[in-house]
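Number of protein chains: 4
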Amino acid sequence: MSGIRVGIAGVTGYGGQELLRLAARHPQVEVTAAMASSARDGERALPSLTGVWSGDITPLSVADLTRSVDAVFLALPEAASAELVPELVARGARVFDLSGAFRLRSAAARARWYPKTPELETPILYGLTERCRAALPDARVVSCPGCYPTSALLALQPLAEAGVIEGDVVIDAKSGISGAGKTPSEKTHFSERHGSVAAYGVLAHRHAAEMEQQLERAVTFVPHLVPLDRGILATIYVRVRPGTTEAAVAGLFEQAYGDAPLVRLRHAALPDIRQVAYTNFCDIGWKLDADSGRMVLVSCLDNLGKGAAGQALQNLNVAFGLEEQAGLL
Amino acid sequence: MSGIRVGIAGVTGYGGQELLRLAARHPQVEVTAAMASSARDGERALPSLTGVWSGDITPLSVADLTRSVDAVFLALPEAASAELVPELVARGARVFDLSGAFRLRSAAARARWYPKTPELETPILYGLTERCRAALPDARVVSCPGCYPTSALLALQPLAEAGVIEGDVVIDAKSGISGAGKTPSEKTHFSERHGSVAAYGVLAHRHAAEMEQQLERAVTFVPHLVPLDRGILATIYVRVRPGTTEAAVAGLFEQAYGDAPLVRLRHAALPDIRQVAYTNFCDIGWKLDADSGRMVLVSCLDNLGKGAAGQALQNLNVAFGLEEQAGLL
Amino acid sequence: MSGIRVGIAGVTGYGGQELLRLAARHPQVEVTAAMASSARDGERALPSLTGVWSGDITPLSVADLTRSVDAVFLALPEAASAELVPELVARGARVFDLSGAFRLRSAAARARWYPKTPELETPILYGLTERCRAALPDARVVSCPGCYPTSALLALQPLAEAGVIEGDVVIDAKSGISGAGKTPSEKTHFSERHGSVAAYGVLAHRHAAEMEQQLERAVTFVPHLVPLDRGILATIYVRVRPGTTEAAVAGLFEQAYGDAPLVRLRHAALPDIRQVAYTNFCDIGWKLDADSGRMVLVSCLDNLGKGAAGQALQNLNVAFGLEEQAGLL
Amino acid sequence: MSGIRVGIAGVTGYGGQELLRLAARHPQVEVTAAMASSARDGERALPSLTGVWSGDITPLSVADLTRSVDAVFLALPEAASAELVPELVARGARVFDLSGAFRLRSAAARARWYPKTPELETPILYGLTERCRAALPDARVVSCPGCYPTSALLALQPLAEAGVIEGDVVIDAKSGISGAGKTPSEKTHFSERHGSVAAYGVLAHRHAAEMEQQLERAVTFVPHLVPLDRGILATIYVRVRPGTTEAAVAGLFEQAYGDAPLVRLRHAALPDIRQVAYTNFCDIGWKLDADSGRMVLVSCLDNLGKGAAGQALQNLNVAFGLEEQAGLL
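Protein chains in written order, with this note's numbering: chain A, 1 to 329; chain B, 1001 to 1329; chain C, 2001 to 2329; chain D, 3001 to 3329.
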């Protein structure tokens, strides 16, 4: 078998495991290395992947990770990415980083939310695929957006760039609990989450900084944990410029995503998580009250798919000239 | 046993069944009649209530319902309440109606959302207990608020009345699925809801009219179905008047609910559904960014408890001079 | 207020918290002390109990726990109970222990499953309420059965004692995850349990020993974790002696539980968890294929209610001459 | 694109939709027709499949279904399959039927459980892939097993055929609720199922007949609904012939499935639903108490994957000489 050769670090977390699963069955990708999150991790098995991925899970090793590969994926905690990316760049690797370490451009914002992240000389591409396709083939470091920003930005950017939005932007997001990762804690304890909904990180979430950077405007963002495993639904509240019509809004979305294979426009048939879970689609719907100018958008995706592993692979597809949705349907 | 004698119509629905369960074990209430939702319903058993309520469930009969009672509870579809309430009033009954039929005062709003509701000469009390205690002892017809308005209004009214809120009010509510009632449908089909979140009634929900009436201002309200059975969490986004301090906000809430036994102020420790499910509490928390004036409130309650049956019983307690929380802890 | 004065140790766990909640609202019980699980625990708040229990949660102290009380409840890890019970007995306290420490009578079984448990001179009553009512008033130490044995034994004992059962007994139990306690672990991590069912402790579970002791016969017991919070459903497979009729089986159950307020016989209408969650009922149903002698029983209860806190309180009620179901409906 | 051309009837149900999703992305399959469950159904859209399947969903038509196809899949209610299969056979189509209509060979059993099924002259292959590979290339009608029998038979047949099992066989199965289909009912109402577990069809389930036919021995089978969407876990209780060792058991399983790409042997690491949901794997684990001869097996699979659509496609793969797991990883 030949194909794009990729090494993956961090396959033992939820995002990394999903990435390995997707990459292993991708017809044009060959996984050359699947590594744990640190050099101290022993070799491991991933029972879910028996029969899908027959290779070993080895301890993290930069030398092995970059040996004979076309690209490296990092599905690591942000501190580990912050340390590793410069080393990988120095070795000439093309890097797709799933962590938040390199998402923020402002030094001040980075100091607050990702204090371990160094300055890099190499330019970093913010890898929201549908917004950066042209830049992907030449990018050396692609910082893949988080699941919350991906859902919010895909819905908001076409409107924001057209200057249609006025006033406050409220983003109320509901996330499945796999987004909180694999480490047990009270927050992820079954009995605490079953039958419950909870807001967290209110008015102080680093993903808000990421959204504000890309939108170039302030947002109020409140994430919630809802009792399901995979998926995010963002309900977005804005006001549009007086005179904005439903047709104008639809036109902006068609222009932005008319030929995007992995964004599905639902118009007034608002999407729900069920339609996107276990896929790499982002579904977007909206309702506009033209009289008052109030508009509600609903955007949803799978937090481990389009919100993490799937988008990273989608970026690889575009970067290497494959079909954008290859291995992702 | 002696006590307040009550007749209940509609005990076969989720709200009615909860009401019967609460009333049956209330130490100062005696249930004289527990009826189905219509005269055509045969007698039925409620397996969950075996051992709690030993009486019969009989077909609906106004004559029997009002025989030797101090109060009548209606847990019926709104059309049935619309028809029954005038008849009950004519017979001199004190009525606690859990449906939406008589919640809206404006004839225009009522014509839109509750077209079967007639005009009544008897005044109707909007029964949000914490806001209407003084009026309850003399009320003949108490229209108990719905679960969404109860959660939103308890959080918003102290601020709105103090003139602290400015600009748009966004209410993003997440509801358990028992709120959609007992009739099977695609919307309440397990496989459609499990692992999903969906917005519905966007920019067109009659509960928004109820909130706007009580707040005397427009709101943007979007309800969502989340995959749990009981509970509502409303996340509320407002801007406060410049200069409003955290202490001022806390003061308004303490003033409003300092002695309310069934409202719990959580301040910055935002509440979640788990703490209120299967109770009659409404928990309220909030975060204020004093610099920007942006404020997020979280209010939650059990939709069948404080959002329906529990509040109706709480109203009875106050109306008849019992301890407000009697039978509700 | 006067009443039976009780001290409770271990109110921060799920079982202890449920016990405090039930005891606090029990009309004839007064909670004199609510303590954490160890002397090193600082004082704590239990947000769910705000408005229900207004006292403090204090560090564990035997002296304070036994001060001016009629009874002491222990909702502690078994090692803590093993250490504490002898001390409490020495101080003359009446003890209701919710842990497994003193449930097994055989020294060999105890050495295997509860190695820290000492021999006690005081007799220990196995507190399955419906089977030990007469002995409760004089018992000094009541070891309350676990949730799995309670569900299985209430269904099996009437048949086993009548000699109706032949051959193998298979008990397949499905438990909500609150039964695994409050400490986060991979086993109780939301994303591992949501959408999953898993067997555990197969052919090696200490609750099997408890069942075998009470039934005086071998059983095959396999517990499973199912994705819900509260409740156990045990499906029990037996063969009955040839000639055993449905009427005979029903007669045995009526004889055993005809006047038991907290056991509900469902006959062929098999019970499910929904009917017992958040209650202190044990519901039992069964189907018999008289030709083949194969019989399936279904028994279910709330693991924190009848399976833990509720049954402990039910034992207190009987021990002190209160109505058996007082505070438990 | 060229490939095996297939027509699918019944794509609007859960099983049919999964089949269409799998077939549409199968690299060697071309879907020529995707039809609703009856001729009266108008054309429809399947929002979940937007971007995956771009064809139309048309009303059921035998003529169109068999036009230029290599195989026909029926994901229909059994009465519809009973009527359609003879007609399809007459037209010379190769049929893969997912319903139960033709699974039972005994006329008496069929009369009881599938009264509408006619006698067919064409032989019918019971399509449990791992047990019928050699016969698939020549089969004209493949009756694909149900989800419960697939999980139970894959675990039991290697032991039963080796004569290792003695005495009663108890199969306690826990199923996700998508197995109950897409039609809303009280049984599938979210609030009835959330937080609950219920046994059904006790001692009277047609899938028991299917298992007994294939095993050639009686079984006690009790299915349960558990609150999850996709997956089945069967816990199986048997006794083995004295002297049977763990090694002997493992040997039988290795012999049966050592080269099966879609059965994963877990040995003593018992599988759970999470590892098989959304896959086409059947995972099997077991524990043997060699002293007593008691043995517990756990077998699990995705009820819509290996238990329905996936296995049908796996049968197609083998029948047409493709790689067995093609399109199924």
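Note that CB positions come from ideal geometry on N, CA and C, so glycine has one too.
Please read these numbers as outputs of a predicted model, since none were measured by experiment.
List, in order along the chain, the chain D residues whose C-beta lies closer than 9 Å to that of residue i?
i	result
B:Ser1054	Here the premise fails: no neighbours, minimum Cβ distance about 24 Å.
Answer yes or no: do residue i and residue j have a C-beta to C-beta separation smaller than 8 Å?
i	j	result
C:Ala2080	C:Ile2004	no
B:Ile1273	B:Leu1203	no
B:Pro1223	B:Tyr1200	yes
A:Leu154	A:Leu252	no
B:Pro1118	B:Ala1082	yes
B:Thr1188	B:Gln1311	no
C:Gly2100	C:Gly2146	yes
B:Tyr1148	D:Ser3191	no
C:Asn2315	C:Val2142	yes
B:Val1006	B:Val1029	yes
C:Ala2036	C:Leu2060	yes
B:Ala1033	B:Asp1064	yes
A:Gln17	A:Ser48	yes
A:Thr220	B:Arg1294	yes
A:Leu19	A:Leu313	yes
A:Leu329	D:Val3052	yes
Give the DSSP-derived three-state secondary structure of residue i in the structure shown.
i	result
B:Leu1022	helix
D:Gly3167	strand
D:Met3001	The predicted position of D:Met3001 is uncertain, since its pLDDT is 45 and thus under 50; no value can be drawn from it.
C:Pro2223	strand
C:Thr2244	coil
D:His3207	helix
C:Glu2030	strand
C:Asp2302	coil
C:Gly2007	strand
C:Phe2253	helix
C:Thr2012	coil
Run through chain G and tell me which residues come within less than 7 Å of residue i, C-beta to C-beta.
i	result
B:Leu1329	In the displayed structure, chain G is absent; the protein chains listed are A, B, C and D.
List the residues of chain D whose Cβ lies closer than 7 Å to the Cβ of residue i, in chain order.
i	result
C:Glu2087	Per Cβ cutoff of 7 Å: no residues; C:Glu2087 is ~39 Å from chain D at best.
A:Gln275	Pro3047 and Ser3048
Just the chain C side, please: which residues come within less than 7 Å of residue i by C-beta, in chain order?
i	result
A:Glu186	Pro2184
A:Tyr148	Here the premise fails: no neighbours, minimum Cβ distance about 17 Å.
D:Asp3272	Ser2196, Val2197 and Ala2198
B:Tyr1278	Tyr2278
Check the Cβ of residue i against every Cβ in chain A and list those closer than 8 Å, keeping chain order.
i	result
C:Gly2195	Asp229
In chain C, what lies closer than 8 Å to residue i by C-beta?
i	result
D:Thr3235	Asp2172, Ala2199, Val2222 and His2224
A:Ile177	Phe2190, Ser2191 and His2194
How would you list, in chain order, the residues of chain B whose beta-carbon sits under 7 Å from the beta-carbon of residue i?
i	result
D:Tyr3114	In chain order: nothing, as chain B lies at least about 25 Å away.
Report the neighbours of residue i on chain B: residues whose CB is nearer than 9 Å to its CB, in chain order.
i	result
C:Arg2264	Pro1047, Thr1050 and Gly1051
So which residues of chain B does residue i contact, with C-beta pairs closer than 8 Å?
i	result
D:Tyr3014	Ser1191
### Message
Does the contact criterion of 3 or more C-beta pairs under 8 Å hold for the segment 1074-1092 of chain B versus the segment 1022-1029 of chain B?
### Response
no
### Query
Does the segment 2173-2191 of chain C come close enough to the segment 2252-2272 of chain C that 3 or more CB-CB pairs lie under 8 Å?
no
### Message
Taking 8 Å as the cut-off, does the segment 2135-2151 of chain C touch the segment 2314-2323 of chain C (at least 3 CB pairs, one atom from each stretch)?
### Response
yes
### Query
How about the segment 1243-1259 of chain B and the segment 1192-1199 of chain B: do they share at least three Cβ pairs that are nearer than 8 Å?
no
### Message
Does the structure place the segment 1092-1112 of chain B close enough to the segment 1279-1295 of chain B that three or more beta carbon pairs sit under 8 Å?
### Response
no
#### Entry: Start-end ranges of the beta strand (DSSP E) lying completely within the segment 2123-2157 of chain C, minimum 3 residues
2124-2126 and 2141-2143
### Task
Would you mind listing the beta strand (DSSP E) stretches within the segment 2099-2126 of chain C that are 3+ residues and don't spill past its ends, in chain order?
2124-2126
### Three CB pairs or more closer than 8 Å across the segment 3164-3172 of chain D and the segment 3215-3222 of chain D
yes
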